[in-house]
Amino acid sequence: MKTSLRLLILVALTVLAADQVTKYLAVSRLTNALDGREGLSRVTGYFTEQNLDNNPPPEDGKYWVSRPYRLIEDYWHFRYVENPGAAWGMFASLPEVARRTFFHVVSVVALGFIFMMYRRTEPDQQLVRLALALITGGALGNFMDRLVRGYVIDFIDWHWRNQPGMRWPTFNVADAAIVVGVAFMLLDSLKVRRPGSVPASLTESPNP
Numbered sequence: 004m005k006t007s008l009r010l011l012i013l014v015a016l017t018v019l020a021a022d023q024v025t026k027y028l029a030v031s032r033l034t035n036a037l038d039g040r041e042g043l044s045r046v047t048g049y050f051t052e053q054n055l056d057n058n059p060p061p062e063d064g065k066y067w068v069s070r071p072y073r074l075i076e077d078y079w080h081f082r083y084v085e086n087p088g089a090a091w092g093m094f095a096s097l098p099e100v101a102r103r104t105f106f107h108v109v110s111v112v113a114l115g116f117i118f119m120m121y122r123r124t125e126p127d128q129q130l131v132r133l134a135l136a137l138i139t140g141g142a143l144g145n146f147m148d149r150l151v152r153g154y155v156i157d158f159i160d161w162h163w164r165n166q167p168g169m170r171w172p173t174f175n176v177a178d179a180a181i182v183v184g185v186a187f188m189l190l191d192s193l194k195v196r197r198p199g200s201v202p203a204s205l206t207e208s209p210n211p
């Protein structure tokens, strides 16, 4: 069990680190919230600056969200978005206190359930363990956002030539890890498993 827990911790922390680093880069490159800061001040600014998206400009007239980046024109952009709800913005309209409480409780319960499932896996279920570790890391990444800010930072924008109905909801690395983890679990469920050995009592010839 100790070896399997190492996998969970290693993968989950790797996903968490990748998620937070890329979100820091999103704030740094896609907004001007950290402009003028240097060194450690930029990191602290990442955690302290709040509500950069669709906010009225401060008194100096600067907008925080100012620099979307087009990686592949018409298909893949980087665009800073704050999502106070779940996927597709669900529950975003709830009052802030109710929304925060709801997502905190759901996140803690989900993480506890994932850990329980992980402990019940068998040594040969490596794909399932990897999947659960990815989901754990993704859940922790978004949970950290909600604890610190009350919303999740999204920045990966996939769409098809800006056609109506052809835009995937903006997402982040944590979301991607969760989706990959779920896909791995589905793949594992489709694996052809060898039937167990037939009990000897069924193979013995019946008494005359």
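First residue of the sequence shown? That's 4 in this note's numbering, and the numbers climb one at a time after it.
Note that the Cβ used here is the ideal one computed from N, Cα and C, for glycine as well.
For F106, the enclosing alpha helix (DSSP H) begins and ends at E99 to R122. In the structure shown, R152 falls within a coil segment according to DSSP collapsed to helix, strand and coil. In this structure the stretch 131-144 lies against the stretch 14-23, because at least three pairs of beta carbons, one per stretch, are closer than 8 angstroms. In this structure N145 is buried. Its beta-carbon is surrounded by 16 or more other beta-carbon atoms within 10 angstroms. With a 10 Å radius around the Cβ and a threshold of 16 neighbouring Cβ atoms, A101 comes out exposed. Under the three-pair Cβ rule at 8 angstroms, the stretch 109-123 does not count as touching the stretch 165-172. Going by DSSP, Y49 is part of the alpha helix (DSSP H) stretching over L43 to T51. The residues S7, L10, L11, Y121 and T124, in chain order, have a CB closer than 8 angstroms to that of R132 in the same chain once the five nearest residues on each side in sequence are set aside.
In this structure T25 is not in contact with N165, their Cβ atoms being roughly 24 angstroms apart against a cut-off of 8 angstroms.
Note: F174 is bridge-paired with I159 in the DSSP secondary-structure output. Taking all protein chains shown into account, P167 has fewer than 16 neighbouring C-beta atoms within 10 Å of its C-beta and is therefore exposed.
In this chain, the beta strand (DSSP E) harbouring E85 covers W79 to N86.
In terms of CA proximity to D22, V155 leads the group D127, A186, V155 and L193.
Per DSSP, L74 is one residue of the beta strand (DSSP E) stretching across Y72 to I75.
With contacts defined by Cβ atoms closer than 9 angstroms, F187 and L130 form a contacting pair.
In this structure, the alpha-carbon of A180 lies about 33 angstroms from that of G39.
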